[in-house]
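Sequential numbering of the sequence shown, starting at 4, is according to this note's numbering.
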Amino acid sequence: MVLINEIGDYENIKAALRGALKEPPTWKVRPEWRNRVVSAYAIERTHWLEIDKLVGRAEDETVRNMLARIYLEEEVHQAAFSSLLGTAVVPWQHLVESEMAFISLTSLLAQIEPDKHVKAVFDYLIIDHLTHVKALVDETKGLGIDRDIVEEVDGLPAGREFSGQFWSTQDLISEPYRQTADPATKVSVRLVLMAETIVRELVESLGVMGSPESLTLLGRRISTVESEHNLLLRTLLDSSESPLEQAFYSELAEVIGLNRLLATEKESGARGAYEFVGEEDEDHLRYLGALMIEIEGKDPSVLSESPVFAAKPRRTLENYLPEIIKAGLNVRPSGRPVTKVA
Numbered sequence: 004m005v006l007i008n009e010i011g012d013y014e015n016i017k018a019a020l021r022g023a024l025k026e027p028p029t030w031k032v033r034p035e036w037r038n039r040v041v042s043a044y045a046i047e048r049t050h051w052l053e054i055d056k057l058v059g060r061a062e063d064e065t066v067r068n069m070l071a072r073i074y075l076e077e078e079v080h081q082a083a084f085s086s087l088l089g090t091a092v093v094p095w096q097h098l099v100e101s102e103m104a105f106i107s108l109t110s111l112l113a114q115i116e117p118d119k120h121v122k123a124v125f126d127y128l129i130i131d132h133l134t135h136v137k138a139l140v141d142e143t144k145g146l147g148i149d150r151d152i153v154e155e156v157d158g159l160p161a162g163r164e165f166s167g168q169f170w171s172t173q174d175l176i177s178e179p180y181r182q183t184a185d186p187a188t189k190v191s192v193r194l195v196l197m198a199e200t201i202v203r204e205l206v207e208s209l210g211v212m213g214s215p216e217s218l219t220l221l222g223r224r225i226s227t228v229e230s231e232h233n234l235l236l237r238t239l240l241d242s243s244e245s246p247l248e249q250a251f252y253s254e255l256a257e258v259i260g261l262n263r264l265l266a267t268e269k270e271s272g273a274r275g276a277y278e279f280v281g282e283e284d285e286d287h288l289r290y291l292g293a294l295m296i297e298i299e300g301k302d303p304s305v306l307s308e309s310p311v312f313a314a315k316p317r318r319t320l321e322n323y324l325p326e327i328i329k330a331g332l333n334v335r336p337s338g339r340p341v342t343k344v345a
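Right, here's the structure in full:
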């Protein structure tokens, strides 16, 4: 693991920094390509932020040193994917794109999720995000956003009304998955949390993007709901997992997530980014797995095996969204029905 900060010669450091950046596409990108790259960026950036927190929680010196090195290398990974995103678009378009990537990724993961409670949370989130992305496009379609993405969002079904998205704190505390939960559940919760985190980062930055007041106020509504979403997902995690185990599952989520995205990527420039980053992430996973054996006596192969990782969704996005909307408009975040007051 050669880190940029340890190269030594400053000219070589600058060359390595330039080499980590990828050329953004010069052609008109397809929605599927955009969703993959935004999802990859979300995975890499949020994992980087997660390792940042875990470094300070690791009590074992060997674990702390390994997490520190992984943290520094992950910074390069998130930069590689962010460089593939277009820079010539208005800033709020990136928020709309992150919403679309969230809906695409979470709809896939919900369909293969073995835990019914976790699936219910995923479906609940998707319906809220449909409302958010449509409201954002209505607000920004006259502010320089690409016409193609406006038409794409217009084709989505309506989600849950904003008035039905605010809940008591107790309704936002999820039942954590069990220690014996399928590894795919532990990975999918993290992948959805990664996608959610990027949406939340971007929506919270609307106030400093030079946004019109009406867009900033819409952002405040969405940001409040995104904080609810974050609680729903964070409390699904098993709090008994050690910092090392949390890092292992976050790294596993990276590897599984990128492999899923790479499987359908044909554009050579993007494939190069996936392959470069993916190889290093798999190295990180091996390093963490070796520490799991040495320090905690846990077998990483058992922690990372699940037939669900190879599963494919049975429905297209166009078919799945109306299905969950019909079943889920009148439910609480937990999936329980809303009790109507006479």
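For each residue, glycine too, the CB sits at the ideal point set by N, CA and C.
| field | Buried or exposed (CB count within 10 angstroms, at least 16 for buried), residue 13 | value | exposed
| task | Would you check if the distance between the CB atom of residue 147 and the CB atom of residue 93 is smaller than 7 angstroms? | result | yes
| field | C-beta contact flag for residue 1 and residue 54 at 7 angstroms | value | Missing from the structure shown is residue 1; the chain here goes from 4 to 345 and no further.
| request: Note down the Cα distance separating residue 276 from residue 297, rounded to an integer number of angstroms. | output: 32 angstroms
| query | Helix, strand or coil: which one does DSSP assign to residue 340? | reply | strand
| message | I need the straight-line Cα distance from residue 344 to residue 325, nearest angstrom please. | response | Bear in mind that the predicted position of residue 344 carries a pLDDT of just 40, short of 50, making it unreliable; the figure below should be weighed with that in mind. Whole-angstrom Cα-Cα distance: 27 angstroms.
| request: Can you say whether residue 216 is buried or exposed, counting buried as having 16 or more other CB atoms within 10 angstroms of its CB? | output: exposed
| request: Taking residue 294 and residue 65 to be in contact with their CB atoms under 8 angstroms, please state how far apart those CB atoms are, rounded to whole angstroms. | output: Between residue 65 and residue 294 the Cβ distance is about 7 angstroms, and since that is below 8 angstroms, they are a contact.
| Closest Cα partner of residue 152 within the set 328, 34, 170 | 34
| task | Measure the C-alpha to C-alpha separation of residue 23 and residue 287 and round it to an integer number of angstroms. | result | 18 angstroms
| request: Measure from the alpha carbon of residue 51 to the alpha carbon of each residue in 180, 25, 83, then state which is nearest. | output: 83
| task | State the Cα-Cα distance for the pair residue 106 and residue 120, rounded to the nearest angstrom. | result | 18 angstroms
| query | Under three-state DSSP, which class holds residue 93? | reply | coil
| Meets three-Cβ-pair contact criterion under 8 angstroms: the stretch 120-129 and the stretch 318-333 | yes
| task | Determine, using beta-carbon pairs with one atom in the stretch 231-238 and one in the stretch 169-181, whether at least three such pairs fall under 8 angstroms. | result | yes
| request: Would you tell me roughly how many angstroms separate the C-alpha atoms of residue 255 and residue 196, rounded to the nearest one? | output: 14 angstroms
| Classification of residue 20 by the beta-carbon crowding that lies within 10 angstroms, buried from 16 upward | exposed
| query | Is it true that the CB of residue 168 sits closer than 7 angstroms to the CB of residue 228? | reply | The answer is yes: Cβ separation under 7 angstroms.
| Which whole runs of the beta strand (DSSP E) in the stretch 37-84 are 3 residues long or more, in chain order? | Correct list: empty.
| request: For the alpha helix (DSSP H) holding residue 26, just list the boundary residues, first then last. | output: Looking at the DSSP string, residue 26 is not in any alpha helix (DSSP H), and its letter there is neither H nor E.
| field | Buried versus exposed, by CB contacts within 10 Å (16 or more), residue 182 | value | exposed
| task | State the Cα-Cα distance for the pair residue 198 and residue 11, rounded to the nearest angstrom. | result | 35 angstroms
| field | Which listed residue (102, 103, 5) has its alpha carbon closest to that of residue 71 | value | Of the candidates 102, 103, 5, the residue whose Cα lies closest to the Cα of residue 71 is 5.
| Best match in 219, 108, 202, 26 for proximity to residue 210 [C-alpha to C-alpha] | The shortest C-alpha separation from residue 210 is found at 219.
| said: Which residue marks the beginning of the alpha helix (DSSP H) containing residue 237, and which one marks its end? | reply: 216-237
| field | Residues bridged to residue 334 [DSSP beta-bridge criterion] | value | The bridge partners DSSP lists for residue 334 are 340.
| message | Tell me which residues share the same chain as residue 163 and place their Cβ nearer than 7 angstroms to its Cβ, disregarding the 5 neighbours each side in the sequence. | response | Shown here for residue 163: same chain residues with a beta carbon closer than 7 angstroms to its own, the five before and five after excluded, namely 130, 131, 134, 332 in chain order.
| request: Go ahead and label residue 32 buried or exposed: buried means 16 or more other beta carbons lie within 10 angstroms of its beta carbon, across all protein chains shown. | output: buried
| Do you know how far the Cα of residue 301 is from the Cα of residue 190? | 17 angstroms
| query | Helix, strand or coil: which one does DSSP assign to residue 247? | reply | Looking at residue 247 - three-state DSSP - the assignment turns out to be helix.
| query | From what residue to what residue does the alpha helix (DSSP H) around residue 122 run? | reply | 119-143
| said: I'd like the span of the alpha helix (DSSP H) that includes residue 151, first residue to last. | reply: 150-157
| Range of the contiguous alpha helix (DSSP H) that encloses residue 201 | Under the DSSP assignment, residue 201 falls in the alpha helix (DSSP H) whose first and last residues are 186-207.
| Below 7 angstroms between beta carbons: does that hold for residue 48 and residue 246? | no
| request: Please look up how many angstroms separate the CB atoms of residue 252 and residue 289, rounded, as I've assumed it's under 8 angstroms. | output: Contact flag wrong, Cβ pair sits at about 15 angstroms.
| Where residue 258 and residue 184 are concerned, what is the direct C-alpha to C-alpha distance, given to the nearest angstrom? | 19 angstroms
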